[in-house]
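Some notes on the structure that comes next.
Number of protein chains: 2
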Amino acid sequence: MHSYTEENYLKALFNLANDKGEVSPNELSKRLAIKMPTVNSMMKKLAEKKLVHYESYKPLRLTDKGRKEAGLVIRKHRLTEMFLVQKMDFGWEQVHEIAEQIEHLHSPLFFEKIDEMLGYPTLDPHGSPIPDKTGKIDWVHYEKLSDCKAGETVKLAAVIQTTDEFLKFLNSRELHLGSKIKIKTVERFDGSMVVTYNKKTAESLSHTVSERLLVEKL
Amino acid sequence: MHSYTEENYLKALFNLANDKGEVSPNELSKRLAIKMPTVNSMMKKLAEKKLVHYESYKPLRLTDKGRKEAGLVIRKHRLTEMFLVQKMDFGWEQVHEIAEQIEHLHSPLFFEKIDEMLGYPTLDPHGSPIPDKTGKIDWVHYEKLSDCKAGETVKLAAVIQTTDEFLKFLNSRELHLGSKIKIKTVERFDGSMVVTYNKKTAESLSHTVSERLLVEKL
DNA sequence: TAAATTTGTTAGATTCGTCTAAGTTATTAT
DNA sequence: ATAATAACTTAGACGAATCTAACAAATTTA
Ligand SMILES: [Mn+2]
Ligand SMILES: [Mn+2]
Ligand SMILES: [Mn+2]
Ligand SMILES: [Mn+2]
Numbered sequence: 000m001h002s003y004t005e006e007n008y009l010k011a012l013f014n015l016a017n018d019k020g021e022v023s024p025n026e027l028s029k030r031l032a033i034k035m036p037t038v039n040s041m042m043k044k045l046a047e048k049k050l051v052h053y054e055s056y057k058p059l060r061l062t063d064k065g066r067k068e069a070g071l072v073i074r075k076h077r078l079t080e081m082f083l084v085q086k087m088d089f090g091w092e093q094v095h096e097i098a099e100q101i102e103h104l105h106s107p108l109f110f111e112k113i114d115e116m117l118g119y120p121t122l123d124p125h126g127s128p129i130p131d132k133t134g135k136i137d138w139v140h141y142e143k144l145s146d147c148k149a150g151e152t153v154k155l156a157a158v159i160q161t162t163d164e165f166l167k168f169l170n171s172r173e174l175h176l177g178s179k180i181k182i183k184t185v186e187r188f189d190g191s192m193v194v195t196y197n198k199k200t201a202e203s204l205s206h207t208v209s210e211r212l213l214v215e216k217l
Numbered sequence: 000m001h002s003y004t005e006e007n008y009l010k011a012l013f014n015l016a017n018d019k020g021e022v023s024p025n026e027l028s029k030r031l032a033i034k035m036p037t038v039n040s041m042m043k044k045l046a047e048k049k050l051v052h053y054e055s056y057k058p059l060r061l062t063d064k065g066r067k068e069a070g071l072v073i074r075k076h077r078l079t080e081m082f083l084v085q086k087m088d089f090g091w092e093q094v095h096e097i098a099e100q101i102e103h104l105h106s107p108l109f110f111e112k113i114d115e116m117l118g119y120p121t122l123d124p125h126g127s128p129i130p131d132k133t134g135k136i137d138w139v140h141y142e143k144l145s146d147c148k149a150g151e152t153v154k155l156a157a158v159i160q161t162t163d164e165f166l167k168f169l170n171s172r173e174l175h176l177g178s179k180i181k182i183k184t185v186e187r188f189d190g191s192m193v194v195t196y197n198k199k200t201a202e203s204l205s206h207t208v209s210e211r212l213l214v215e216k217l
């Protein structure tokens, strides 16, 4: 088995990977708030374990094995978040910290039970896909709300950069997954939008907000 | 906060404490399956933190602070076990290993939610008392079934030495907390008993079993 | 009571995950 | 193209938690 620490590195590598699957040591260091030399030696260790491709001065890449292991940790994280929201009545802004710990439990039975109780969900409470039992993610293509045009009607499908503050902000605006949003106008100079949803007739959303909201066109 | 490791030492000290609250380094070493020199240095560290009274060649004792901290870890363990049984449909023989990990989560909110969902229980699934929020245990006096006499009728209140195997054995005999047991005969030479409960008319229980069953007289 | 055994302590090594300081290589700006 | 900056690596240290080997104290046995 992998240690708590190793699991966190794998998860970070997975989440930071660009289209080529590449991550720089510097990014990884910043994401984990761990100094570069520490990251560097951990990468050598994970390379020993065949979880990461490591070559000096080259970007880092997960191996197939590493990607699978990372996917399985993310699976545990997202299943846990879903359980906390659906079965324990936590808010979507409260679950990340707790899931961050529970994801490291070593108990297949526990996660299978959660999965079963939830009816084998495919999305977490923030709209992110839950990897399957082999660690694979079924990517769904959504658009950023900020890329939509005036006149379009969309459904809020997922949220990215799910910090407490942002999620609380969405709560305060009564924006939830599934909310039907109609775009009334888009400001040229700052990209802010005026939108309609629920019973709200003219809410203004800054570009900073709308680029963190992923939507499905209706 | 205390580390995962420190919490395990505190819990073991609490559980091993005799009537005087004393534990020998040797016992502790055996319980934790950690070599004596390691235990020794950890005891010095916990003494620094005012959690343990340590003097060379004297038995170990938790301080009031140490006993409180230990109680709070045990509280988390037992609340978790209760949650797993009551809300997640695990068997009482399945929950110890999982609780052993979850007890170390740092999230007051999580355990408060569990406590609330369970309706503030005072006993865990094995009949052990759950310490209150200050770490104190409300000890209840039960008798060992092995100390009861023929003709008495008792109710199974708690189980000690709750290993998987023993709990599975009780499952196979359909013995649960609350089972009403009537003692028909007690053998002189080996202390084994013939008892009646549920629809069973003549089950035999060895002394090894009956001394691990705590009962309330009816 | 003296010897043998068990229990407890000290000393020193090891692994893991972290750090700082000091180089080296690559990238960016002038 | 050179200098400045940023990114990356190496070297060496450290605390936490563990171990083994060796020694000391206490307890048990003879
Ligand atoms: Mn999360
Ligand atoms: Mn999530
Ligand atoms: Mn337990
Ligand atoms: Mn229990």
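Just so you know, the sequences run in chain order E and U.
Per numbering that gives the first Met the number 0, residue 0 is the first one in the first sequence, and the count goes up by one each step.
Per numbering that gives the first Met the number 0, residue 0 is the first one in the second sequence, and the count goes up by one each step.
For each residue, glycine too, the CB sits at the ideal point set by N, CA and C.
Quantities reported herein were computed from a predicted structural model and do not represent experimental measurements.
Any beta-carbon of chain U closer than 9 angstroms to the one on residue i?
i, result
"E/Met116", "yes"
"E/Gln160", "no"
"E/Lys75", "no"
"E/Glu6", "no"
"E/Glu96", "yes"
"E/Lys199", "no"
"E/Lys112", "yes"
"E/Leu108", "yes"
Hey, would you say the C-beta of residue i is under 8 angstroms away from at least one heavy atom of ligand 1?
i, result
"E/His95", "yes"
"E/Ala98", "yes"
Taking 8 angstroms as the cut-off, does the CB of residue i come closer than this to any heavy atom belonging to ligand 3?
i, result
"U/His103", "no"
When DSSP builds the beta bridges, which residues end up paired with residue i?
i, result
"U/His52", "U/Arg60"
"U/Leu204", "U/Met192"
"E/Ile182", "E/Val194"
"U/Pro36", "Answer is none; U/Pro36 lacks a bridge partner."
"U/Pro128", "U/Leu122"
"E/Glu5", "In the DSSP output, where bridge partners are listed per residue, E/Glu5 has none listed."
"U/Glu215", "U/Lys154"
"E/Glu142", "E/Val214"
"U/Glu21", "U/Arg60"
"U/Lys199", "U/Tyr196"
Does the CB of residue i have a neighbour CB from chain E at under 9 angstroms?
i, result
"U/His105", "yes"
"U/Ile101", "yes"
"U/Lys10", "no"
Does the distance between the C-beta of residue i and the nearest non-hydrogen atom of ligand 6 fall short of 8 angstroms?
i, result
"E/Pro24", "Ligand 6 is absent from the structure shown, which contains only ligand 1, ligand 2, ligand 3 and ligand 4."
Contacting positions in the segment 77-88 of chain U - beta carbon closer than 9 angstroms to chain E
Under the 9 angstroms Cβ criterion, the segment 77-88 of chain U contributes Leu83, Lys86, Met87, Asp88.
Quick one: residues with CB closer than 6 angstroms to any heavy atom of ligand 4, in chain order, please.
Taking each Cβ in turn, the ones that pass are U/Arg77, U/Glu80, U/Asp123, U/His125, U/Ser127, U/Thr161.
Along the segment 166-190 of chain U, what residues have a CB closer than 9 angstroms to any CB found in chain E?
Listed in sequence order: no entries.
Would you list, in chain order, the members of the segment 33-64 of chain E that have their beta-carbon closer than 8 angstroms to a beta-carbon of chain U?
None of the residues of the segment 33-64 of chain E has a beta carbon lying less than 8 angstroms from any beta carbon of chain U.
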